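Student:
In my numbering, the protein residues as written are 4 to 108.
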């Protein structure tokens, strides 16, 4: 029964319901267990904190990395994941642009 109650709490948080938290005088944020479970932070972990239009947004680093990977796939850069590959890709792009303009370097 306790497991189903925990799952119900996680489901409620995932659907966007709100829970009460607390910020201490020193700035520490206390996240309810249901929230941590809903985003995979049961044992803590790194997060990204942003202020967007006056609202605080906390995202797990896993979610941030997945978002970056999705953007890379969408842009066609997924195969150019290393810095070296990216620099080579940009150099080839510049050479193509210069060639099209008749300014071969």
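All residues carry an ideal CB built from backbone N, CA and C; glycine is no exception.
These numbers were taken from a predicted model, which means no experiment stands behind them.
Please report the distance separating the alpha-carbon of residue 53 from that of residue 90.
Tutor: Here the question's residue 53 lines up with position 50 in the chain shown. Here the question's residue 90 lines up with position 87 in the chain shown. For residue 53 and residue 90, the distance between alpha carbons rounds to 29 angstroms.
Student: Counting only runs of 4+ residues fully inside the region 19 to 44, write out the alpha helix (DSSP H) ranges in chain order.
Tutor: Fully enclosed alpha helix (DSSP H) runs of 4 or longer: 36 to 41.
Student: Within a Cβ cutoff of 6 angstroms, which residues of the same chain sit near residue 32, ignoring the five residues on either side of it in sequence?
Tutor: By one-based count along the chain shown, residue 32 stands at place 29. These residues qualify, in order along the chain: 26.
Student: Is the beta carbon of residue 51 less than 8 angstroms from the beta carbon of residue 64?
Tutor: Against the chain shown, residue 51 aligns to sequence position 48. Against the chain shown, residue 64 aligns to sequence position 61. Yes, these two residues count as a Cβ contact at 8 angstroms.
Student: By DSSP's criteria, residue 52 is part of a beta bridge. Which residues make up the other side?
Tutor: For the purposes of this step, residue 52 is identified with residue 49 of the chain shown, where counting begins at 1. Beta-bridge pairing links residue 52 to 61.
Student: For the alpha helix (DSSP H) that residue 85 lies in, which residues bound it at each end?
Tutor: What you label residue 85 is simply residue 82 of the chain shown in a count that begins at 1. Segment: none, residue 85 is in no alpha helix (DSSP H) and carries neither H nor E.
Student: Going by CA-CA distance only, name the one from 37, 66 and 97 that's closest to residue 20.
Tutor: Mapped onto the chain shown, residue 20 falls at position 17. Here the closest residue by C-alpha is 37.
Student: Between the C-alpha atoms of residue 98 and residue 30, what's the straight-line distance to the nearest angstrom?
Tutor: Within the chain shown, numbered from 1, the residue matching residue 98 stands at position 95. Within the chain shown, numbered from 1, the residue matching residue 30 stands at position 27. Cα to Cα, residue 98 sits roughly 51 angstroms from residue 30.
Student: Report back the beta-carbon spacing between residue 35 and residue 22 to the nearest angstrom; my notes put them in contact at under 8 angstroms.
Tutor: Walking along the chain shown from the start, residue 35 turns up at place 32. Walking along the chain shown from the start, residue 22 turns up at place 19. With a Cβ gap of about 5 angstroms, residue 35 and residue 22 count as contacting.
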